[in-house]
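First comes the structure, then the notes that go with it.
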Amino acid sequence: MQTRVSVRNLRIREDTAKYLRNLDVKSAYYDPKTRSMRSNPNPETNPAELDYAGDNFIRYTGDTRNVASQQLYEFEAYQRGQNVHMLGMPTQAEKLHDAFK
């Protein structure tokens, strides 16, 4: 009997590998150990036309900035003596953060 082992960060064979997107030596650095290319390999291209803009682009999309702001508020509130915990009581933490804004 065989067991399946899933590996993280595998790409579909039809997708172009990150390190092949720009073969210029001075292009964005590709880290083979973590399989990440943090900066944009084609910075001169129009961002609307890009299908891949680097791993840092994904990091700063969506609700990431709001969560980081809420975490910063949580740390500061804890230093002032308030008992605020974003994971333990998310509604309370969000309401206090909104009142702080």
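Numbering (the numbering used here), first residue to last: 259 to 359. Positions of the beta carbon are idealized from the N, C-alpha and C atoms, including for glycine. Since the structure is predicted, the reported quantities are computational estimates derived from the model, not experimental observations.
Practice prompt. Could you tell me whether the Cβ of F333 comes closer than 7 Å to any Cβ of chain D?
Written response: Protein chain content of the structure displayed is limited to a single chain, and chain D is not contained in it.
Worksheet item: So S297 and N280 are in contact, right, with Cβ under 8 Å, and what is the actual spacing, rounded?
Response: Rounded, the Cβ-Cβ distance is 11 Å, inconsistent with contact.
Discussion item. Here's the rule I'm using: 16 or more other beta-carbon atoms within 10 Å means buried, otherwise exposed. How should P299 be labelled?
Written reply: buried
Item to complete: State the beta-bridge partners of S294 as determined by DSSP.
Response: D289
Worksheet item: Measuring CA to CA, which of E302, Y277, D309 and K284 is closest to K291?
Response: Y277
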